[in-house]
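Trainee:
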Amino acid sequence: YGRVSELTYETVHEALLVAVPEFRAELEQHHSDYEGEVLPHLLFGDLTRFVLAARDRGDHALVDRCLVFLEEVARSPRQRLSNLAAVSFVENVAPWQPEMRSFIKTWPKELKRVAARQGWGRPPNEYVPSPPDIDVYVRLESRDRVVVESFLDRHMTTWRQDAAWYDAEPVAEAFARADADPAAAFARYGEPTMPGLSKVIVAFGTDGSMVFGLSIHGDFNPDAEEQATALVDDLMARYGASEGAAIWEHPPPLDQEQWAELDKLGGLVVARRQT
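Numbering-wise, the numbering used here comes out as the position in the sequence shown, counting from 1, plus 323.
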């Protein structure tokens with residue numbers, strides 16, 4: 324059906340039939356319902372139901388061909404076209420539903436990224452909208468109070484009120500807690516000094532590691548992923564971190580296994596490891 328750059332909003336249904344001939348009956352029904360017109364957003368809603376039905380009956384080959392086509396649409400530089408995949412497919416799948424997680428893991432890269440932005444793995448909040456962030460994390464293999472204080476002095480103004488650390492010696496108290504129970508992982512959040520960031524994260528891992536994190540506002544920021552990648556590199560170099568990652572809306576990884584899992588998750592922007 325041609326290169327992604329050749330897809331257009333007006334002819335996407337023709338490309339869809341070339342990629343997935345089995346969809347012809349649904350397209351003909353769509354024509355009938357809308358008096359010969361093609362309404363692409365509604366048509367892609369039909370495609371969503373078509374894909375889910377194929378998945379439910381175990382027709383994985385058909386699902387894969389549909390996903391390959393949808394990935395091409397999602398990668399289109401034409402926003403009107405890419406929105407067909409982002410809104411009419413991904414949103415209709417309801418990626419925040421737990422039962423969709425295993426299905427979304429099989430998606431191509433761009434579709435998984437869109438799903439992460441729309442709340443894959445967390446329920447939507449109907450009352451307090453939460454714009455998506457890119458979470459930047461680096462892993463330090465050992466815990467050094469001086470290094471932690473240096474990170475906080477540079478990046479944080481105050482602890483958030485739901486944090487346990489806001490007395491006269493928050494870092495000392497946190498280290499005392501970690502020393503008392505080394506396997507009890509926990510994270511604390513603060514307000515950032517830098518504009519464009521939403522929070523600062525400091526976490527103690529179950530394996531003696533330390534995680535520093537910064538979250539970048541991702542909404543309406545076309546440079547967010549580029550900024551996140553640069554921030555990973557800066558933090559790794561500045562604090563001698565062994566690993567770093569940027570990922571859409573994800574809690575801090577608290578052991579080596581969770582770091583390894585990041586490569587398999589939707590929404591991953593970049594992953595770095597010292598060699």
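In this text, a Cβ means the ideal position worked out from N, Cα and C, and glycines have one as well.
#1: Please state the DSSP three-state secondary structure of Trp582.
#2: Considering Cα atoms alone, identify which of Arg436, Tyr562 and Val410 is closest to Leu475.
#3: State the start and end residues of the unbroken alpha helix (DSSP H) segment that holds Leu330.
#4: Which residue spans inside the stretch 521-590 form an unbroken alpha helix (DSSP H) run of at least 4?
#5: At what residue ranges does the stretch 495-519 contain a whole run of the beta strand (DSSP E), taking only runs of 3 or more?
#6: I need the boundaries of the beta strand (DSSP E) containing Tyr463, first residue and last residue.
#7: For my contact list, Met559 and Pro515 are in at a C-beta cut-off of 8 Å; report their separation, rounded to the angstrom.
#8: Based on the DSSP secondary-structure assignment, which residues constitute the bridge partners of Arg596?
#9: On the DSSP bridge assignment, give the partners of Met479 in chain order.
#10: With respect to the alpha helix (DSSP H) encompassing Phe373, which residues constitute its N-terminal and C-terminal limits?
#11: Got a sec? Which residues, its chain only, sit under 8 Å from Thr371 by beta carbon, not counting five neighbours each side?
#12: So for Val413, helix, strand or coil by DSSP?
#13: Whole angstroms are fine: how far does the CA of Ala409 sit from the CA of Arg398?
#14: Is Arg511 closer than 7 Å to Val534 when the C-beta atoms are compared?
#15: Along the alpha helix (DSSP H) that carries Glu358, what are the first and last residues, could you check?
#16: Check whether the stretch 336-344 touches the stretch 376-396, counting contact only when three or more Cβ pairs, one atom from each stretch, lie closer than 8 Å.
#17: Does the separation of the CB atoms of Trp482 and Gly513 fall below 7 Å?
Mentor: From the atom records:
#1: Of the three classes helix, strand and coil, the one that applies to Trp582 here is helix, per DSSP.
#2: It is Tyr562.
#3: If you look at Leu330, you'll find it isn't in any alpha helix (DSSP H); DSSP assigns it neither H nor E.
#4: The stretch 521-590 contains these whole alpha helix (DSSP H) runs: 547-562 and 579-584.
#5: Along the stretch 495-519, the beta strand (DSSP E) occurs as fully enclosed runs of 3 or more residues at 509-515, listed in sequence order.
#6: According to the sequence shown, residue 463 is Leu rather than Tyr. Unbroken beta strand (DSSP E) run through Leu463: Asp456 to Leu463.
#7: The beta carbons of Met559 and Pro515 sit about 18 Å from each other, so the pair does not count as a contact at 8 Å.
#8: For Arg596, which the question treats as bridged, DSSP gives the partners Glu566.
#9: Residue pairing by DSSP places Met479 opposite Pro515 in a beta bridge.
#10: Its alpha helix (DSSP H) spans residues Pro363 to Asp379.
#11: For Thr371, where only same-chain residues beyond five positions count, the Cβ hits under 8 Å are Ser411, Phe412, Asn415 and Val416.
#12: Residue state, collapsed to three classes: helix.
#13: Taking C-alpha positions only, Arg398 is separated from Ala409 by approximately 10 Å.
#14: Using a Cβ distance threshold of 7 Å, Val534 and Arg511 do not count as a contacting pair.
#15: Here Glu358 belongs to no alpha helix (DSSP H), and DSSP marks it neither H nor E.
#16: Because the criterion of three Cβ pairs below 8 Å is met, the stretch 336-344 and the stretch 376-396 touch.
#17: In contact: Trp482 and Gly513 (Cβ atoms closer than 7 Å).
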